[in-house]
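See structure below.
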Amino acid sequence: MRSVSVAALFAALAGSADAFAPVSSSRASTSLNALYNAELEEMTGTTVEVGNKVFDPLGLSNFVPPQFAREAEIANGRSAMLATVGWIWPATFGTFDSQDVTTTDPIDAIMQADPQWWAQFIIFCAVIEGIKFRGKMNGKSYCGPGEPCIDWSGSYPADEAGRAEIHEKELKNGRLAMIGFAGFMAAHFIPGSVPISPGY
């Protein structure tokens, strides 16, 4: 009976020791890779800003197709770059000669804008969406890889290396603009929340 108890004790100790044993690299690698979709490893954007590795701590790429998410990221980045310029411009250079908008505050300007300007903006967005749709039907792309829907200046590189470089630059600038615009919004609605805000 005593020998059985000793054997059980050693078995318990062995099990508890195994719980504190270091995890093998293969197991660790598998568990880490399971956090995100492996397709992300083949996409641009894993540069020095994110530690030269995939940054998806919430594992969202397992629920949203990575290519769809990347195109959405680029589209939002472009919007954020335009919004950042639109936020800074009035405070730096003033407003255009207009009786409608008399403030340099971007949020107040939204409320002061005449409905005709909103109508023009909506029509402009609809035209861009139409160009995107027509281009997609012809095998072109607005935010993803391949031939671009819009390249009026003809400056889009023809070689793959040049395209990869310009895609990465746009991605980085878009990410920076999204962070910057979020900072502007926070500083506007929560005064003092952004210590280094220049006061825009």
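Going letter by letter, the sequence shown gives residues -19 to -1, 1 to 181 in mature numbering (1 follows the signal peptide of the UniProt record, and there is no 0).
In this text, a Cβ means the ideal position worked out from N, Cα and C, and glycines have one as well.
contact_flag[the segment 73 to 83, the segment 151 to 162] where n(CB pairs < 8 Å) is 3 or more: no
DSSP beta-bridge partners of P129: S122
Residue from P46, N18, Q48 with nearest C-alpha to K34: N18
Through-space distance from P129 to E141, alpha-carbon basis: 13 Å
Spatial distance of K121 from F105 (CA atoms): 20 Å
Assumed close pair residue 182, M24 - CB separation to whole angstroms, cut-off 8 Å: With the chain covering only -19 through 181, there is no way to say anything about residue 182.
Touch test, the segment 49 to 65 against the segment 158 to 168, Cβ-Cβ under 8 Å, three pairs minimum: yes
For S174, three-class secondary structure by DSSP: coil
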